[in-house]
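According to the working numbering, the sequence shown is numbered sequentially starting from 1383.
Even for Gly, the Cβ is constructed at its ideal location relative to N, Cα and C.
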Amino acid sequence: VVDGTVRCIAVSDDGVVYIGGDLTNAGGQQRNHIAALDTNSGEATAFDPGADGTVHAMTIHNGVLHFGGAFSTVAGQPRLNLAAADLSTGTLNAWAPGADATVLCMTAGDDVLYAGGDFTTAGGEAHAYIAAIAPSTGSVLPWVTGTDGTVRTVHFAPGSLYIGGSFSNINGLPRNNVAALEATTGVLRPWISDVSGTVHSIMLGEEFFHLGGWFPTVDGVVRGNHAAYGTLAMGMDPLGTTFCAGDVIDIP
């Protein structure tokens, strides 16, 4: 049982369920905004870093839980909207890049962490709504990519990072609420799809690329809040290593 809104979930290889959100109690124990639950019993584990504000996003990388949200301290230590803790003990990691506003989404790539949200600086440098961060040091990588509005979802596939949210351009080029970036450099890929409202979630499968959110149309076609693209039609192999062009399709 959790006493507040759960906004993000991550599951470790050994089946422990990590949750973040607005909660203050989980699995029968006091837990401030972040907790770990035993898969079988649902009881809280000893993991208890504790944040002083909402946790919106989390991702696991090399035995460490990285998380983001709207907080200023974790385990009593300064951590501005980004933090990391050991999966088993909950011990706070030294990783502390910092972002100047809420972090809403995170994902792990090839030894890179990606974060999106409402922020305009990360690691003390200008990074408009999206940033790439070294998972070991917390150094923010020298991307020049930025959007003109909130990034609400990020999804990594080999070679590419797909982002969605509430924006109309990236680096001055038109991209309505969804875009594809080169995963290492952040360079904008040429694919364009016109989504008429906010994209809240992205998922890439072997056959379809899915969007979910609050939008009536995609590329001028009625798609009430969910759309799918055929990956092969988009010039993608099943792993999504390239992203060129694609049409919105109907799915059952």
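(message) My output table needs one value for Ser1542: the three-state DSSP class, helix, strand or coil.
(response) strand
(request) Could you pull out every residue in the same chain whose Cβ sits closer than 6 Å to the Cβ of Gly1520, ignoring the five residues on either side in sequence? (result) Trp1477, Ala1478, Pro1479
(message) With a threshold of 8 Å between beta carbons, is Leu1419 in contact with chain B?
(response) Within the model displayed, chain B is absent; a lone protein chain is all it includes.
(request) For Trp1596, name the three-state secondary structure that DSSP assigns. (result) strand
(request) Tell me whether Ile1574 sits in a helix, a strand or coil according to DSSP, three-state version. (result) coil
(message) Short of 6 Å in beta carbon distance, which residues of its chain neighbour Phe1538, apart from the five on each side in sequence? Order them along the chain.
(response) Thr1489, Gly1491
(request) State the start and end residues of the unbroken beta strand (DSSP E) segment that holds Leu1586. (result) Where Leu1586 is concerned, the enclosing beta strand (DSSP E) stretches over 1580-1586.
(request) Check the C-beta distance from Gly1451 over to Gly1435 and give it rounded, since I have them as a contact under 8 Å. (result) 6 Å
(request) Report the rounded CA-to-CA distance for Gly1606 versus Ala1428, giving the unit in angstroms. (result) Inter-residue distance for Gly1606 and Ala1428 is about 43 Å (C-alpha atoms, whole angstroms).
(message) Just to confirm, is the Cβ distance from Asn1598 to Ser1578 under 8 Å?
(response) The residue asked about is misnamed: residue 1598 is Pro in this sequence, not Asn. Yes; because the gap between Cβ atoms is below 8 Å, this pair is in contact.
(request) For Leu1455, collect the residues of the same chain with a Cβ closer than 8 Å to its Cβ; drop the 5 residues on either side in sequence, then sort them by chain order. (result) In the sequence as displayed, the identity of residue 1455 is Thr instead of Leu. Hits under 8 Å: Ala1433, Asp1434, Arg1461.
(request) Starting from His1509, follow the beta strand (DSSP E) in both directions and report where the run begins and ends. (result) First-last for His1509: undefined, no H or E at that position.
(request) For Gly1622, I'd like the list of residues in its chain whose CB is within less than 7 Å of its CB, leaving aside the five on either flank, ordered along the chain. (result) Unreliable positioning characterises Gly1622 in this predicted model, as indicated by a pLDDT of 37, which lies under 50. A coordinate reading is not provided.
(request) Please say whether Val1581 and Asn1559 have beta carbons closer to each other than 8 Å? (result) yes
(request) Can you grab the Cα-Cα spacing for the pair Glu1564 / Glu1507, in whole Å? (result) 21 Å
(message) If I follow the unbroken beta strand (DSSP E) through Leu1486, where does it start and stop?
(response) 1485-1490
(message) Can you tell me whether Asp1619 is helix, strand or coil according to DSSP?
(response) Residue placement at Asp1619 is poorly supported in this model, since its pLDDT is 39, which falls under 50; the coordinates are not used for a value here.
(request) Have a look at the DSSP bridge pairing and note the partners of Pro1556. (result) Asn1551
(message) In this structure, how does DSSP classify Pro1431 when only helix, strand and coil are distinguished?
(response) coil
(request) Go to Glu1605, then tell me how far its beta strand (DSSP E) extends in each direction, as first and last residue. (result) Reading off the sequence shown, one finds Arg at residue 1605, where the question assumed Glu. Neither: Arg1605 is in no beta strand (DSSP E) and is coded neither H nor E.
(request) Identify whether Asn1407 lies in helix, strand or coil by the three-state DSSP scheme. (result) strand
(request) For Asp1500, count neighbouring Cβ atoms within 10 angstroms of its own Cβ and tell me buried if that reaches 16, exposed if not. (result) buried
(message) Among Val1604, Trp1573, Leu1523, Tyr1611, whose alpha-carbon lies nearest the alpha-carbon of Glu1588?
(response) Tyr1611
(message) Check this for me: beta carbons of Gly1554 and Thr1532, under 8 Å apart or not?
(response) no
(request) Identify, in the order they occur along the chain, each residue of the same chain with its Cβ nearer than 7 Å to the Cβ of Ala1457, setting aside the five sequence neighbours on each side. (result) Pro1431, Gly1432, Leu1474
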